[in-house]
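Worksheet: one structure, shown below.
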Amino acid sequence: MSAQIIDGKAIAATIRGEITAEVEAMKAQYDKVPGLATVLVGERRDSQTYVRMKKKACAEVGITSFGHDLPEDISQEELLTVVRDLNANPEVNGILVQLPLPDHIDDEEVLGAIDLEKDVDGFHPINIGRLSMKRRDPLFVPCTPKGCIELLDRSGIQIEGKRAVVLGRSNIVGLPVAMLLLHRNATLTICHSRTQDLPGVVREADILIAAVGRAEMVRGDWVKPGVSVIDVGINAVDDPTRERGYRLVGDVAFDEVKEVAAAITPVPGGVGPMTIAMLLRNTTDSAKHTLGME
Ligand SMILES: NC(=O)c1ccc[n+]([C@@H]2O[C@H](COP(=O)([O-])OP(=O)(O)OC[C@H]3O[C@@H](n4cnc5c(N)ncnc54)[C@H](OP(=O)(O)O)[C@@H]3O)[C@@H](O)[C@H]2O)c1
1 MSAQIIDGKA
11 IAATIRGEIT
21 AEVEAMKAQY
31 DKVPGLATVL
41 VGERRDSQTY
51 VRMKKKACAE
61 VGITSFGHDL
71 PEDISQEELL
81 TVVRDLNANP
91 EVNGILVQLP
101 LPDHIDDEEV
111 LGAIDLEKDV
121 DGFHPINIGR
131 LSMKRRDPLF
141 VPCTPKGCIE
151 LLDRSGIQIE
161 GKRAVVLGRS
171 NIVGLPVAML
181 LLHRNATLTI
191 CHSRTQDLPG
201 VVREADILIA
211 AVGRAEMVRG
221 DWVKPGVSVI
231 DVGINAVDDP
241 TRERGYRLVG
251 DVAFDEVKEV
261 AAAITPVPGG
271 VGPMTIAMLL
281 RNTTDSAKHT
291 LGME
C-alpha cells in the first residue's frame, strides 16, 4: 500500500493563513505589524534566492521586512554594527542572518550578537543551549527542525514512545531536530558519517528524519513497514529532460520508500515550505511577545 503523502505546501499554506489572521489582529489592536530584518552578505545565488523567498513570504502575510544586502568583503566589526543597530530598532522583531557567511567572518560571534529576543532563526548559543537541556525552553526553535515536528503533529503522527532515527547531526538540522524529538519523548538514535550498518539502524525507526544531503541515499529496503519519513534533503541531480537540466530530490528514494512507509514528505513540497512558515511564526511570536499579546 502506498504511503500518505505529507503535503508540506498545503500545511505551510494553512499556517501562513493563521499568521495572516494574527497579524491583522495585531494591526487592528495595536496599529503595529511584525518586522523581520534579513542580513545577506555577499552574492551567493542560493542565499539570494532564500532571502528573496523569505521577504516575499513576509509580504504575503503582512510582516514588514527590512533588507540589508552587504558586500562580501564587509569586516567583522561592520557586520556586528549592523546587527547591533537592528537589535536597537524597535520596528524589528526578528533578525535573520543568512548562512553561510564568508570565511573571514566569525559566524559564532555574529549569531551570538543577535538580541536573544530577536533570534527568530534560533541559532543564538543560548537558545541552542536551552534547546539541549531539559525544562529550559528556548525563546525560539530553529525553523527547519521546528517545521519537521509541525509536519508530524499536523499529520497526526504520534512521537511519544516511538523509535526515532535522525540521519545527520548538523547544527542547523540534525542536532536540533533530535533534541526536539527527545523532548517529545521519542527514543532517539542519531546517525552520521561514521555510523556502522546504517540500513540496519534506519530499519529500527518508526519515525525517520533524513538530513544528510546525499541524493536518494535511503532505499526502500532500508525502512520498516509503517515508518513515517520526513525528508529534509535538497539535492540537485542531472536531468536532461528538464529545461534547467536538473531536478531536486531528497535524501530518500521517494518512489521506493513510499511503497513501504505509512507517511512520507515529498521533495520539493515537503519540509522546504515549512522552514519559511516557521520563520514567519517565530517573527510573529516575537512581535506578540513584545506587545504582551500572549
Ligand atoms: N528543506 C529545508 O528547508 C532545508 C534546510 C536546511 C538544510 N536542508 C537540506 O538538508 C540536507 C542536510 O543539510 P545540513 O545543513 O544538515 O548538512 P550538513 O551540515 O552537510 O550535515 C550533513 C550530516 O549528514 C551526515 N552524513 C553525510 N554523509 C553521510 C553518509 N553517507 N552517511 C551517514 N551520514 C552522513 C554528516 O555526518 P558527519 O557529521 O559525520 O559529517 C552530517 O552530520 C541538505 O540536503 C540540505 O540542502 C534543507
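All residue numbers in the sequence shown are consecutive under the working numbering, ending with 294. Ideal placement from N, C-alpha and C gives every residue a C-beta, glycine not left out.
Whole-number beta carbon distance between residue j and residue i, since they are thought to touch under 8 Å
i	j	result
Ile190	Val166	5 Å
Val229	Thr195	Not quite, the Cβ-Cβ distance comes to about 18 Å (not below 8 Å), so this is no contact.
Leu280	Ala57	6 Å
Ala295	Leu80	An answer regarding residue 295 cannot be provided, because it is not within the stretch 1 to 294 covered by the chain.
Asp115	Asn93	Actually they are not in contact, since the Cβ atoms of Asp115 and Asn93 sit about 10 Å apart, beyond 8 Å.
beta-carbon residue i near ligand 1 non-hydrogen atom, thresh 8 Å
i	result
Asn303	With the chain running from 1 to 294 in the structure shown, residue 303 is simply not present.
Ile172	yes
Ala211	yes
Ile307	With the chain covering 1 to 294 only, the question about residue 307 has no answer from this structure.
Thr275	yes
Ser47	no
Val271	yes
Ile234	yes
Ser193	yes
Thr144	yes
Arg214	yes
Met217	yes
Simplified DSSP state of residue i, which is helix, strand or coil
i	result
Gly129	helix
Gln4	strand
Asn87	helix
Phe205	Reading off the sequence shown, one finds Ala at residue 205, where the question assumed Phe. Looking at Ala205 - three-state DSSP - the assignment turns out to be coil, as it is neither helix nor strand.
Arg16	helix
Arg135	coil
Asn171	coil
Leu99	coil
Test item: CB-CB of residue i and residue j under 9 Å
i	j	result
Ile105	Val41	yes
Cys143	Asp121	yes
Gly174	Ala211	yes
Ile207	Leu152	yes
Ala215	Ala3	no
Gly233	Lys9	no
Ligand 3 heavy atom lying under 8 Å from the CB of residue i
i	result
Gly122	Among the ligands in the structure shown, ligand 3 does not appear; only ligand 1 can be found there.
message: Is it the case that the segment 256-276 contacts the segment 121-133, given that we only count it when at least three CB pairs across the two stretches are under 8 Å?
response: Taking 8 Å as the limit for Cβ pairs, the verdict is that the segment 256-276 does not touch the segment 121-133.
Cβ pair count under 8 Å reaching 3, the segment 242-253 against the segment 273-292: Contact fails: fewer than three Cβ-Cβ distances are below 8 Å.
message: Does the contact criterion of 3 or more C-beta pairs under 8 Å hold for the segment 46-66 versus the segment 180-189?
response: no
field: Inter-stretch contact at 8 Å, needing at least 3 Cβ pairs: the segment 63-76 / the segment 133-143
entry: The segment 63-76, when compared against the segment 133-143, does not touch it at the 8 Å Cβ threshold.
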